[in-house]
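Notes follow the structure.
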Amino acid sequence: MNDPAERYAAPTVLLHWLMAALIVATFWLGLTVADMPLSPTKFKWIAWHKWLGVTLLGLLALRLLSRALTRAPALPATMGAHARTMARLGHLGLYALMLAVPLSGWLMSSAYGFPVVYLQLFALPDLVAKNEALGDALGDAHTALNWTLAALVAGHVLAALKHQFVDRDGLMARMRLRRR
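Under UniProt numbering, the residues of the sequence shown are numbered 1 to 180, in order.
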């Protein structure tokens, strides 16, 4: 995998790693605030959690645009049909969850009557009317979607490590900024 044509473009690689870091940070914040007692700190951290979620939605839009405009590098010829199908399904699941997780959080905030104010600059529109029962259901969905995303991310990382250290097919080089 030394041919630059077999690598993702630098902007795609940067978006990948930026989003990966922000997803981890957002997940950690969500877990942390869930167990905190009501306090000004909890509300501040919830705001940061929401800001990161909205930022991830924007970055996902850029990522999808990049994906639509540039062709993904070819998978290694050594990958079998089953592995290729799993890779496609895994990536599709990751993209779907990167959309569904922040949207479910935004919907939940709307249903609870808590506005999403991005970076304290502007309020995003409520997506649904205030409805506590719907908020509870959306909270459960948001939690389930987050754990599903975490599981898919873990699978993605394990698959990348398998390609690097077991298959030794150079697949991880596609997501490095520079060749070594």
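Where a beta carbon is used, it is the ideal one built from N, C-alpha and C, also for glycine.
| Query | Result |
| --- | --- |
| Residues near PRO11 in its chain [Cβ-Cβ closer than 7 Å; skip 5 each side] | SER66 |
| Classification of PRO102 by the beta-carbon crowding that lies within 10 angstroms, buried from 16 upward | buried |
| Extent of the continuous alpha helix (DSSP H) run through HIS163 | Careful: HIS163 lies outside any alpha helix (DSSP H) and carries neither H nor E. |
| Alpha-carbon spacing of ALA34 relative to GLY80, whole angstroms | 42 Å |
| Which residues DSSP lists as bridging VAL117, in chain order | ALA123 |
| Stretch pair the segment 80-100 + the segment 41-55: three plus CB contacts closer than 8 Å | no |
| Backbone secondary structure at TYR95 - three-state DSSP | helix |
| Helix, strand or coil at GLY139 according to DSSP, with G and I counted as helix | helix |
| Expected contact under 8 Å - CB spacing of VAL24 and MET175 to nearest Å | Going by Cβ atoms, the distance from VAL24 to MET175 rounds to 16 Å, so no, they are not a contact pair. |
| Cutoff 7 Å; reference MET172; Cβ partners in own chain excluding five residues on either side | ALA160, HIS163, GLN164 |
| Close-in-space but distant-in-sequence residues of the same chain around VAL54 (CB under 6 Å, 5 per side omitted) | TYR118 |
| Reference MET19, options ARG84, GLY170, LEU94, closest by Cα | LEU94 |
| Collapsed DSSP secondary structure at SER39 in the structure displayed | coil |
| First and last residue of the uninterrupted alpha helix (DSSP H) at TRP30 | Contrary to the premise, residue 30 reads as Gly rather than Trp in this sequence. Per DSSP, GLY30 belongs to the alpha helix (DSSP H) from 10-34. |
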